[in-house]
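Novice:
Protein chains: 2
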Amino acid sequence: FIEIKDLYKVYRVGSEKIHALDGISLTIEEGEFCAIVGTSGSGKSTLLNMLAGLEPPTKGSIKIDGREIVGLKENQLVAFRREHVGFIFQSFNLIPTLTAKENVALPLTFQGVSKAQRNKRALALLKQTGLYDHKNHKPNQLSGGQQQRVGISRALVVDPEIVFADEPTGNLDSATSAEILTMMRRISREKNQTIIMVTHDDHLARFADRIIRISDGKITHIEEGDLA
Amino acid sequence: FIEIKDLYKVYRVGSEKIHALDGISLTIEEGEFCAIVGTSGSGKSTLLNMLAGLEPPTKGSIKIDGREIVGLKENQLVAFRREHVGFIFQSFNLIPTLTAKENVALPLTFQGVSKAQRNKRALALLKQTGLYDHKNHKPNQLSGGQQQRVGISRALVVDPEIVFADEPTGNLDSATSAEILTMMRRISREKNQTIIMVTHDDHLARFADRIIRISDGKITHIEEGDLA
Ligand SMILES: Nc1ncnc2c1ncn2[C@@H]1O[C@H](COP(=O)(O)OP(=O)(O)OP(=O)(O)O)[C@@H](O)[C@H]1O
Ligand SMILES: Nc1ncnc2c1ncn2[C@@H]1O[C@H](COP(=O)(O)OP(=O)(O)OP(=O)(O)O)[C@@H](O)[C@H]1O
Ligand SMILES: [Mg+2]
Ligand SMILES: [Mg+2]
Chain A
1 FIEIKDLYKV YRVGSEKIHA LDGISLTIEE GEFCAIVGTS GSGKSTLLNM
51 LAGLEPPTKG SIKIDGREIV GLKENQLVAF RREHVGFIFQ SFNLIPTLTA
101 KENVALPLTF QGVSKAQRNK RALALLKQTG LYDHKNHKPN QLSGGQQQRV
151 GISRALVVDP EIVFADEPTG NLDSATSAEI LTMMRRISRE KNQTIIMVTH
201 DDHLARFADR IIRISDGKIT HIEEGDLA
Chain B
1001 FIEIKDLYKV YRVGSEKIHA LDGISLTIEE GEFCAIVGTS GSGKSTLLNM
1051 LAGLEPPTKG SIKIDGREIV GLKENQLVAF RREHVGFIFQ SFNLIPTLTA
1101 KENVALPLTF QGVSKAQRNK RALALLKQTG LYDHKNHKPN QLSGGQQQRV
1151 GISRALVVDP EIVFADEPTG NLDSATSAEI LTMMRRISRE KNQTIIMVTH
1201 DDHLARFADR IIRISDGKIT HIEEGDLA
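Take a look at the structure:
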């Protein structure tokens, strides 16, 4: 379903070269919940950004549902993401002038969904992440973990086929994290969603079907999760 | 050294009232490494912001080294922070146009330290957080955990008497987190620094001398850390 072949990403800063991704090949099945684990700076966010088409690789191929993502034009990538992808960012990226509910409903506006339907979906997702009582708060009226949960609700509101999650529970306590991951796992089973979650937390990675370990831009190890 | 008495913070959003801090009283000794633990939304960041004078409480008193912080004017609070405080933010707050080294050196410019000295201190701290090789990267050329570590180095560069740390390792893997906390603990012992660290991670809280548990804006529990 997702086929990654010989993926490389080299950044240049001044005269130095950084091999953020150093030859990644991997296949991810449809409906799979896949965790990518590694230390700070190992290449996790870079890999996710490539897969979501947010940044081009230096070389290599990424096929999603048979379609080559590398080399698509910007408008094609935007259309692809709008139709198929939900993205949970490492640094939230909420719109500061919109409330929690409006932030969650926003992706549905781009899909031409009616206002009544958007509100209904957004409120349902805010309930699932425990934020119903905070629906009218703006981001600066929310705690760090609450902002993170708004980002999670927003990514899920379009019922995406693929969810890319970059450290989705980095700002949450372990009880809330476990609740969120259990919810995401259950939703993905119901809707056959593919989830690719980056995390530095081994303990949380065990919620996934498969754990891919990455170090210095290379895959070092692949193992099964606890609930596979 | 830090005396908190009957601290309350009530936020208003539309017609609703949020009791972010609901009666906090606590004494923190000089040189103590104190962890504040609680779930998402329990009031941790709010408490830290009050202690650093970044926001006024609704009522209550905060005395630091005998001096009442509540009610000070903005310029007095700015001067107090510049002289005595290092703050590690939950969302990094780096200057996007400056490199890692320049971001770390910045607080020293406000203290009138010479350029040679600033560079020397900044590089020393970047070495301690494992970022020497990334000193010339701007924030958008750094991973999430690397940005967090720049924030940590910046807070420590002025040798502050008090370090306020809001989830300082939320974006770091457990090995890097343990290294960072061990380093912070060692520095605080050497310089008799007081560290007040907010974290949702029980495991990391054990690096502290004392663990203060907070829930719905109230203290529920105080216990000793493992290394006290
Ligand atoms: N400016 C504000 N206006 C309204 N409510 C606020 C504001 N700031 C915080 N709150 C609310 O106060 C409560 C405590 O927030 P706080 O940021 O202290 O939580 P926290 O313990 O740091 O949580 P986290 O672990 O998620 O960062 C939350 O319910 C939050 O929504
Ligand atoms: N735009 C860029 N320019 C230069 N170097 C970059 C850029 N983006 C990332 N890097 C570097 O590439 C490496 C991998 O970064 P990446 O963000 O993928 O790490 P990560 O595994 O997500 O780390 P973390 O757990 O800290 O978020 C890091 O060494 C980082 O400094
Ligand atoms: Mg990252
Ligand atoms: Mg917080």
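Going line by line, the protein sequences match chains A and B.
Its first residue numbered 1, the first sequence is counted upward by one per residue in the working numbering.
Its first residue numbered 1001, the second sequence is counted upward by one per residue in the working numbering.
Built from N, CA and C at the ideal position, the CB exists for glycine as well.
(1) Between the alpha carbons of B:R1154 and A:E30, how many angstroms are there, rounded?
(2) Would A:D173 count as contacting chain B if we go by Cβ distances under 8 Å?
(3) Checking the sheet assignment: what are the DSSP bridge partners for B:M1197?
(4) For A:E190, collect the residues of the same chain with a Cβ closer than 6 Å to its Cβ; drop the 5 residues on either side in sequence, then sort them by chain order.
(5) In chain order, what residues of the region 1032 to 1050 of chain B put their CB closer than 9 Å to some CB of chain A?
(6) According to DSSP, A:R213 sits in a beta bridge with which residue or residues?
(7) Between B:S1091 and chain A, is the shortest Cβ-Cβ distance under 8 Å, so that the two count as touching?
(8) Flag this pair as yes or no: are the beta carbons of A:G225 and A:G43 separated by less than 8 Å?
(9) Is B:V1085 near ligand 1 - that is, is its Cβ less than 7 Å away from at least one heavy atom of it?
(10) Using only CA atoms, which one of A:D65, A:Q128 and A:L142 lies nearest to A:A178?
(11) Are the region 59 to 72 of chain A and the region 1117 to 1125 of chain B touching by the rule of at least three beta carbon pairs closer than 8 Å?
(12) For the putative contact between A:E161 and A:T199, defined by C-beta atoms under 8 Å, what is the C-beta separation to the nearest angstrom?
(13) Do you know how far the Cα of B:K1135 is from the Cα of A:E102?
(14) If the criterion is Cβ atoms closer than 8 Å, does the pair A:Y8 and A:G86 meet it?
(15) If the cut-off is 8 Å on Cβ atoms, which residues from the region 191 to 225 of chain A count as contacting chain B, listed in chain order?
(16) Tell me the rounded alpha-carbon separation between A:V13 and B:S1025.
(17) Rounded to whole angstroms, how far is the Cβ of B:Q1090 from the Cβ of A:G144, which I believe are closer than 8 Å?
(18) What does B:N1136 reach in chain A if we use C-beta pairs closer than 7 Å?
(19) Give the secondary structure of B:F1080 by DSSP, where H, G and I count as helix, E and B as strand, and everything else as coil.
(20) Report the residues of the region 1148 to 1176 of chain B with a CB closer than 9 Å to any CB of chain A, ordered along the chain.
(21) Check whether the Cβ atoms of B:F1033 and B:R1185 lie closer than 8 Å to each other.
(22) Out of A:L172, A:D173, A:E83 and A:S215, which has the shortest C-alpha to C-alpha gap to A:T109?
(23) Use the C-beta contact count for A:L47: other C-beta atoms within 10 angstroms, 16 or more gives buried, fewer gives exposed.
(24) Which value, in whole angstroms, describes the spacing of the CA atoms of A:L51 and A:I180?
(25) Whose C-alpha, out of B:I1195, B:I1064, B:S1040 and B:S1174, is nearest the C-alpha of A:N171?
(26) Which runs of the alpha helix (DSSP H) spanning at least 4 residues fall entirely within the region 1088 to 1112 of chain B, listed in chain order?
(27) Using the beta-carbon of each residue, which ones in chain B are nearer than 8 Å to A:Q141?
(28) Beta-carbon within less than 7 Å of B:K1005's beta-carbon, same chain only, minus the 5 sequence neighbours each way: which residues are those?
(29) Hey, B:I1028 and B:I1002: beta-carbon distance below 8 Å or not?
(30) Under 8 Å, CB to CB, which of the residues in the region 1098 to 1129 of chain B have a partner in chain A?
(31) My output table needs one value for B:K1127: the three-state DSSP class, helix, strand or coil.
(32) For A:Q117, is the classification buried or exposed, using 16 other Cβ atoms within 10 angstroms of its Cβ as the cut-off for buried?
(33) For a quick check, are the C-beta atoms of B:I1088 and B:A1165 less than 8 Å apart?
(34) For A:S188, is the classification buried or exposed, using 16 other Cβ atoms within 10 angstroms of its Cβ as the cut-off for buried?
(35) Under three-state DSSP, which class holds A:G66?
Specialist: On the basis of the data shown:
(1) 44 Å
(2) yes
(3) B:A1035 and B:A1165
(4) none
(5) V1037, G1038, T1039, S1040, G1041, S1042, G1043, K1044, S1045 and T1046
(6) A:V37 and A:H221
(7) yes
(8) In this structure, A:G225 sits away from A:G43, with a CB-CB distance that is not shorter than 8 Å.
(9) no
(10) A:Q128
(11) Because the criterion of three Cβ pairs below 8 Å is not met, the region 59 to 72 of chain A and the region 1117 to 1125 of chain B do not touch.
(12) About 21 Å separates the Cβ atoms of A:E161 and A:T199, ruling out a contact at the 8 Å cut-off.
(13) 39 Å
(14) no
(15) H200, D201 and D202
(16) Taking C-alpha positions only, A:V13 is separated from B:S1025 by approximately 49 Å.
(17) 4 Å
(18) V13 and G14
(19) helix
(20) When C-beta distances to chain A are compared with 9 Å, the residues of the region 1148 to 1176 of chain B below that value are Q1148, R1149, D1166, E1167, G1170, N1171, L1172, D1173, S1174, A1175 and T1176, in chain order.
(21) yes
(22) Distances from the CA of A:T109 to each of A:L172, A:D173, A:E83 and A:S215 were compared; the closest alpha carbon is that of A:E83.
(23) buried
(24) 23 Å
(25) B:S1040
(26) 1100 to 1109
(27) Y1011 and V1013
(28) S1025, G1060 and S1061
(29) Yes, they are a contact pair.
(30) none
(31) helix
(32) The residue in question, A:Q117, is exposed, as its Cβ has fewer than 16 Cβ neighbours within 10 Å.
(33) yes
(34) Here A:S188 is buried. Its C-beta has 16 or more other C-beta atoms within 10 Å.
(35) Coil.
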